[in-house]
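Below: the structure, in structure tokens.
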Amino acid sequence: MDASLALSPLLLGFSSNRRHFGKLRALKISSDFSKIEVRNLSYKPPGTQQSILNEINLSLREKRFGLIFGRSGSGKTTLLQILAGLVQPTCGSVSIQKCGIDSSPIEPPKSLLPERVGIVFQFPERYFLADTVLEEITFGWPRQKSDSSLREELALNLQYAITSVGLKSISLDEDPRSLSGGFKRRLALAVQLVQMPDLLLLDEPLAGLDWKARADVVNLLKNIKKDLTILVVSHDLKELAPLVDKSWEMEMGGVLKEAPVPL
Ligand SMILES: Nc1ncnc2c1ncn2[C@@H]1O[C@H](COP(=O)(O)OP(=O)(O)OP(=O)(O)O)[C@@H](O)[C@H]1O
């Protein structure tokens with residue numbers, strides 16, 4: 608089935624227990640911009656003595672590509688989980704701030720809502736749930752009658768998501784598990800793109816892929832970056848470096864410092 612044919616059944620509804628969706632935004636052209644701001648964020652898991660993250664501060668402008676690198680166990684994935692709203696920080700804030708053309712704030716910062724953040728975990732294909740590509744993309748869509756306008760917006764974004772990740776050449780009836788490694792990653796990205804999140808988080812997006820699929824994913828991230836704000840955690844610095852607008856090193860002990868990508 609092709610994406611345009613898929614639109615009408617989508618409006619009828621699908622099962623909706625994966626996650627909730629907030630109101631979607633259309634792509635906009637404006638001199639105003641938003642930035643994601645993380646302020647003094649710390650995290651100490653319940654029942655432990657030591658903080659994993661310590662006084663993290665970062666700021667990333669809309670439609671920019673941020674990269675966090677650092678040694679294993681330094682706290683990078685934990686930070687992504689907090690930004691996605693999956694883990695509550697011990698203290699600190701994550702907000703979205705609207706700015707004018709001179710970069711000064713034009714309204715008070717708002718909390719970044721978890722439903723406006725997309726996250727693609729490491730090896731996302733391990734979490735595929737549906738039997739077809741189309742069902743995988745639409746799995747968590749709301750199905751209540753009252754959600755019809757939201758569903759309509761999601762359906763309108765579907766074509767964009769499928770085209771952006773280069774899934775147009777495959778059938779939407781295909782079993783996700785039968786796809787190649789690179790196409791599985793594309794599908795995982797499409798699931799998030801369809802929501803047009805304010806922030807897209809990617810944990811090791813190139814891990815486990817062969818050289819061709821890695822190059823393909825880098826190219827499609829370059830494309831997606833034109834529309835979305837992306838924050839990536841990765842050890843694959845050389846391949847991602849050309850996309851990076853801002854980078855930070857997570858030091859052991861969960862201390863984040865802005866730093867150039869070491870090549
Ligand atoms: N809930 C928890 N309770 C106790 N320790 C935790 C908890 N969650 C994570 N940790 C520990 O915090 C540290 C940071 O883990 P995290 O997975 O965020 O690191 P990372 O930088 O992403 O590592 P990698 O690059 O290997 O993925 C690790 O030592 C981990 O064992």
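Heads up: the sequence shown begins at 608 in our numbering, then just goes up one per residue. Every residue, glycine too, gets a C-beta built ideally from N, C-alpha and C.
- A distance criterion of 7 Å places the beta-carbon of M803 beyond contact range of ligand 1, judged by its closest non-hydrogen atom.
- By the CB criterion at 8 Å, L741 and P749 fall outside the cutoff.
- Taking all protein chains in view, the Cβ of M859 is surrounded by fewer than 16 other Cβ atoms within 10 Å, so the residue is classified as exposed.
- Excluding residues up to 5 positions away in sequence, E732, P783 lie with their Cβ nearer than 7 Å to the Cβ of K791 in the same chain.
- Annotation: K670 to L835 spans about 5 Å, alpha carbon to alpha carbon.
- Three or more beta-carbon pairs separated by less than 8 Å link the stretch 761 to 772 to the stretch 789 to 808, which places the two stretches in contact.
- Membership of W855 in the beta strand (DSSP E) is indicated by the continuous run 853 to 858.
- Measuring C-alpha to C-alpha distances from N830 to each of K705, D810, S641, A797 identifies A797 as the nearest.
- Residue pairing by DSSP puts E865 in a beta bridge opposite W855.
- Bridge pairing for S702: E644, S718 [DSSP].
- Straight-line measurement puts the Cα of S785 at about 43 Å from the Cα of K705.
- DSSP places L813 in the coil class of the three-state scheme, outside both helix and strand.
- Shown here, L774 sits in coil according to DSSP, grouped into three states, outside any helix or strand.
- According to DSSP, R668 shares a beta bridge with K642.
- With contact defined as three or more Cβ pairs closer than 8 Å, the stretch 837 to 857 and the stretch 665 to 684 are in contact.
- I831 sits in a helix when the DSSP states are folded into three classes.
- Straight across, the Cα-Cα distance linking L687 with V839 is about 9 Å.
- Take the alpha-carbon of L816 and the one of L847: they are about 14 Å apart.
- In the DSSP assignment, I837 falls within the unbroken beta strand (DSSP E) covering 837 to 840.
- When DSSP states are grouped into helix, strand and coil, S785 belongs to the helix group.
- Residue range 740 to 745 is occupied by the alpha helix (DSSP H) that includes I744.
- Separation of the CB atoms of S681 and S702 is rounded to 24 Å, and the pair is thereby denied contact status at 8 Å.
- In this structure, the straight-line span from the alpha carbon of A866 to that of H842 is close to 14 Å.
- F676 is positioned such that its CB atom lies closer than 8 Å to that of L844.
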